[in-house]
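Asker: Residue numbers (the numbering used here): 360 to 561. From the three backbone atoms N, C-alpha and C, an ideal C-beta is built for every residue, glycine too. These numbers were taken from a predicted model, which means no experiment stands behind them. Supplied in structure tokens, the structure appears directly below.
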């Protein structure tokens, strides 16, 4: 937290709480996601899973995603992780928390939700996706996600560096955290199904 000063950790953020560079990258990524018709491209591949995760970038390292979105290649100065979170119908998590202190979680719902029973709870804040597509928060806070609707919920799942006078140091901390996460297979331990591109040949 000291590396972030004078930026105070708000816990839950509005887009305008972030510095202009962070806002620009988030807006650019949202536009790219909306232009890519991701729901149509991943719906068939993800429907068999309770909770699916499609990764394009994981803490600064590009990955081989099942859908090619050239705009996701960047360049990015602050965005570290680019993924799509798919919750099938009637799927919720229990209360949990992350441990990536150097980043904030940005969620952007890319399909239109009109039902109030798809939401996220962070501390004392409940955000319903029918009320707004964008939600930004500190992932280390206790939280849960719920989709009690009769249709899947698709959210861009983004990690962005916490605002800091030292973004290079924050990026280095994220790199270290991602190395540890890979070693302990954090994604699988979090009950995600990672939907990956199948290798050709063989």
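(1) Within 10 angstroms of the Cβ of residue 531, are there 16 or more other Cβ atoms? Answer buried if so, exposed if not.
(2) For the stretch 512-530 against the stretch 425-443, do three or more pairs of beta-carbon atoms, one drawn from each stretch, fall closer than 8 Å, so that the two count as touching?
(3) Assess contact between the stretch 503-514 and the stretch 446-458, defined as three or more Cβ pairs (one per stretch) separated by less than 8 Å. Is contact present?
(4) Alpha helix (DSSP H) containing residue 405: first to last residue?
(5) In chain order, which alpha helix (DSSP H) runs of at least 4 residues are fully inside the stretch 391-463?
(6) I'd like to know whether the C-beta atoms of residue 466 and residue 554 end up nearer to each other than 8 Å.
(7) Per the DSSP calculation, residue 515 is bridged to which residue(s)?
(8) Does the count of Cβ pairs from the stretch 413-433 and the stretch 383-403 closer than 8 Å reach three?
(9) Of the residues 409, 507, 441, which one's Cα is nearest the Cα of residue 415?
(10) Is DSSP giving residue 534 helix, strand or coil here?
(11) Going by CA-CA distance only, name the one from 457, 378, 384, 509 that's closest to residue 524.
(12) What's the gap between the Cα of residue 372 and the Cα of residue 417?
(13) Spatial neighbours of residue 432 within its chain, please: CB distance less than 6 Å, with the 5 preceding and 5 following residues excluded, ordered by chain position.
(14) What three-state label does DSSP hand residue 377 in the structure shown?
(15) Use the C-beta contact count for residue 420: other C-beta atoms within 10 angstroms, 16 or more gives buried, fewer gives exposed.
(16) Closer than 7 Å by C-beta to residue 376: which residues in its own chain qualify, once you throw out the five before and the five after it? Chain order, please.
(17) Going by the beta-carbon positions, is the gap between residue 445 and residue 480 smaller than 8 Å?
(18) I'd like the list of long-range same chain contacts for residue 392, defined as Cβ closer than 6 Å, with 5 residues on each side in sequence excluded.
(19) What is the residue span of the beta strand (DSSP E) that residue 480 lies within?
Answerer: Well, looking at it:
(1) Position 172 of the chain shown, counting from 1, holds the residue named residue 531. It counts as exposed.
(2) yes
(3) yes
(4) Against the chain shown, residue 405 aligns to sequence position 46. From DSSP, the alpha helix (DSSP H) with residue 405 extends over 397-405.
(5) 397-405
(6) Taking the chain shown and counting its residues from 1, one reaches residue 466 at position 107. Taking the chain shown and counting its residues from 1, one reaches residue 554 at position 195. No. Outside cutoff.
(7) Here residue 515 refers to the residue found at position 156 of the chain shown. Answer is 443, 467, bridged to residue 515.
(8) yes
(9) As a position in the chain shown, residue 415 is number 56, starting the count at 1. Closest by alpha carbon: 441.
(10) To locate residue 534, count along the chain shown from 1; it is residue 175. Residue 534: helix per DSSP, three-state reduction.
(11) Along the chain shown, read from residue 1 onward, the residue named residue 524 stands at position 165. Measuring from the Cα of residue 524, the nearest candidate turns out to be 378.
(12) Position 13 of the chain shown, counted from the first residue, corresponds to residue 372. Position 58 of the chain shown, counted from the first residue, corresponds to residue 417. Between residue 372 and residue 417, the C-alpha separation is close to 22 Å.
(13) Numbered from 1 along the chain shown, position 73 holds the residue referred to as residue 432. Around residue 432: no qualifying Cβ.
(14) Counting from one through the chain shown, the residue named residue 377 turns up at place 18. Residue 377: coil per DSSP, three-state reduction.
(15) One-based indexing of the chain shown puts residue 420 at position 61. Exposed, by the Cβ-count rule.
(16) Working through the chain shown from its first residue, we reach residue 376 at position 17. Result list for residue 376: 369, in chain order.
(17) One-based indexing of the chain shown puts residue 445 at position 86. One-based indexing of the chain shown puts residue 480 at position 121. No.
(18) Counting from one through the chain shown, the residue named residue 392 turns up at place 33. Taken in chain order, the residues that qualify are 469, 515.
(19) As a position in the chain shown, residue 480 is number 121, starting the count at 1. Its beta strand (DSSP E) spans residues 477-481.
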